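Notes follow once the structure below has been shown.
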Amino acid sequence: MDTDPRRVRVVAERRVLPRRRGFVSSSLRLAQRRAGLIALALLPLTLAHLGMLRVMHGESPLGPWPALAVLVLQLALVAMSKLDAGSAEAGLRRFASVSVALAWALALHWHAHPGGGVTQITPAALLVVLLPIVIPLSFRWAIAVVSLAAAAQPATAALLQLLGLLDTSSRDLALSALGTASALAVGLVSARVSSWSRTDLARDIGGYRLVRKLGAGGAGEVWEGRHRLLARPAAVKLLAPSSTSRSFLVRFEREAQATALLSSEHTVSLYDFGIGQQGTPYYVMELLTGFDLQRLVEERGPLHPARVVHLMRQACDSIGEAHELGIAHRDIKPSNLFVVRRGLTRDFLKVLDFGMVSAHETSEAGGGLTTLSQDGFLYGTPAYMPAEQAAGETVDYRADLYQLGCVMFFLITGRAVFEKKSPLALAVAHASEAPPRPSRVATGPVPADLEAVVMRLLEKDPAKRFQSVRELQAALERLACANQWTPEDAASWWRSFAPPATDERTTIIRALRKHAL
44 MDTDPRRVRV VAERRVLPRR RGFVSSSLRL AQRRAGLIAL ALLPLTLAHL GMLRVMHGES
104 PLGPWPALAV LVLQLALVAM SKLDAGSAEA GLRRFASVSV ALAWALALHW HAHPGGGVTQ
164 ITPAALLVVL LPIVIPLSFR WAIAVVSLAA AAQPATAALL QLLGLLDTSS RDLALSALGT
224 ASALAVGLVS ARVSSWSRTD LARDIGGYRL VRKLGAGGAG EVWEGRHRLL ARPAAVKLLA
284 PSSTSRSFLV RFEREAQATA LLSSEHTVSL YDFGIGQQGT PYYVMELLTG FDLQRLVEER
344 GPLHPARVVH LMRQACDSIG EAHELGIAHR DIKPSNLFVV RRGLTRDFLK VLDFGMVSAH
404 ETSEAGGGLT TLSQDGFLYG TPAYMPAEQA AGETVDYRAD LYQLGCVMFF LITGRAVFEK
464 KSPLALAVAH ASEAPPRPSR VATGPVPADL EAVVMRLLEK DPAKRFQSVR ELQAALERLA
524 CANQWTPEDA ASWWRSFAPP ATDERTTIIR ALRKHAL
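Here it is in structure tokens:
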């Protein structure tokens, strides 16, 4: 298939990466909407209660304002449950804040009304008990919310007494404080139990049990998981609750869909994808045993040129297939390339994190991939960003080729193409500065033909680079050192430098064998 970016338009969004609105609604938002439905269901009861107090005891000394505040806040809860603005977690916190305000309005209306009693169980006290059950907040947030809501009853009673609008004894106030303390205790216990329950549920994602955390970043975490029935080890990627905005969720779904589309053996395999019981989007991929190239170079130094070529030819297989499907990676860097043991093979490369794919972001002018995502953020890593992307211009598949050149430079020399202190300085350097030749900064010899390939990949003008991954692959195969890194070399290196295999499968097989006996 011809993948010349000047003639082939990006595959349409609906054909490759369809967006489904349903994915964006996590169970955190469902919890918010459920709480809104409860507020809506209680609205007629609130109206009946307010009307009954008005008929039986007349108007409150404060006028209609406390009752009006109760109605407005309750309607606000119903309206907020319909909104999707921001992350689900932030939405729940706003919902909880309005609920606290409602507790104060209820307490003020109850105590200010002639029919209210200081020692009775008030609607505000009931709200204190219900809040941590209905709204799935973290325990720390639940403590703050429940405590503020519980403070409404004694505080409003004391305030009205100071204003001369409430005539009650110190004994009644003490009994009121005791009732508030009881409601607070019940609310805190409910919050703790709910938190424990959610934590236990969170350890099970889909059909997998989370075992240990492998890593974490700004957008989420990666855990080692084990299938409950098959006992298969896997890596489970979870999206952080703070990243559950619509744009992040769509991007996360896009990453999973892109990975699932690819069949190259050098692309990480995807096992499962969905939303956990606590509303956490996740996908499950194969658990890799080995090193990412960033860690490999940092710990063991620059790689032998023949090994660099060996690894890059494998990367081309994965990225080339993606390009032929209309998918660009857009964040190729050493930490997204993983060298592993696979069966009896060593130095087997896997490409991870196709989260930067942009098959649906087409340019009206030339059908290329735009630099900016739909949410306005610049995708990619500054140290590996091509000139056209750093300048905010339209990019295409050749941006991935530039990033492969940056990766090759790093593997050969042990340093990035440009070493700057800020992302902005890096972007400027990629856009305007000439890259150094690998032979001038490498500690060992660099074959001239390999250096020529790297320098062509690092051209500022995309037209001067290789025009497809197939073309790059062919150039790598023609290098003098193309087949000098042998399976024996790889096996010898892994025996000498790699840690002993700690394959989870060995432990599982031993356990199954023992159980069978």
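Each residue of the sequence shown is one higher than the one before, counting from 44 in my numbering.
Ideal placement from N, C-alpha and C gives every residue a C-beta, glycine not left out.
These numbers were taken from a predicted model, which means no experiment stands behind them.
Residue i in three-state terms, based on DSSP
i	result
E514	helix
K393	strand
I186	helix
Q417	Its pLDDT being 38, under 50, Q417 is placed unreliably by the model, and the measurement read from it follows with that caveat. Coil, per DSSP.
D374	coil
T388	strand
L339	helix
V363	Looking at the sequence provided, one finds Gly at residue 363 rather than Val. Reduced to three states, the DSSP call for G363 is helix.
G230	helix
G65	Residue confidence is low: G65 scores 40 on pLDDT, short of 50, so the model does not pin down where it sits. No coordinate-derived value is stated.
V383	strand
F461	coil
F540	helix
F334	strand
I248	strand
H403	In this prediction, H403 has a pLDDT of 37, which is less than 50 and means its spatial position is unreliable; what the coordinates show is noted afterwards. Note: H403 maps to coil in three-state DSSP.
V484	helix
C-beta atoms of residue i and residue j nearer than 9 angstroms
i	j	result
H508	G457	For clarity, residue 508 is Arg in the given sequence; the question names His instead. No, they are not a contact pair.
A301	I370	yes
P425	A442	no
L145	L120	yes
T373	V311	Note that residue 373 is Arg in the sequence shown, not Thr. No; because the gap between Cβ atoms is not below 9 angstroms, this pair is not in contact.
L380	Y445	no
L281	G319	yes
L454	L346	yes
M452	P490	Checking the sequence, you will find Phe at residue 452 rather than Met. Not a contact, by the Cβ cut-off of 9 angstroms.
K463	A472	yes
A541	F391	no
A474	A518	no
R343	S378	no
Same chain, Cβ closer than 7 angstroms to residue i, neighbours up to 5 away in sequence not counted
i	result
S233	V172, P175, I176
A168	Q196, G222, T223, A226
L116	V141, A144, L145, A148
Straight-line gap, residue i to residue j (C-alpha atoms, nearest Å)
i	j	result
G249	V327	9 angstroms
E264	L515	34 angstroms
A195	H152	11 angstroms
A506	V512	14 angstroms
S406	V496	Low confidence applies to S406: its pLDDT is 36, below 50, so where it sits in the model is not reliable, and the reading given next is rough at best. The alpha-carbon atoms of S406 and V496 are separated by roughly 29 angstroms.
V351	W536	14 angstroms
R499	E329	34 angstroms
Y251	R269	5 angstroms
W184	A198	21 angstroms
L331	P466	30 angstroms
V394	C524	23 angstroms
F397	A228	48 angstroms
G258	V188	32 angstroms
L304	R294	15 angstroms
W266	A110	50 angstroms
E494	V254	44 angstroms
F420	Q432	Confidence in F420 is poor, its pLDDT being 45 and thus under 50, which makes the residue's placement unreliable; the coordinate value appears in the next sentence. Approximately 12 angstroms, taken between the alpha carbons.
A299	L114	44 angstroms
Cut-off 6 angstroms between Cβ atoms - residues of its own chain near residue i, not counting five sequence neighbours on either side
i	result
L191	V143
L354	L392
Checklist entry - What alpha helix (DSSP H) runs, 4 residues minimum, are completely inside the region 251 to 329? => result 289 to 304
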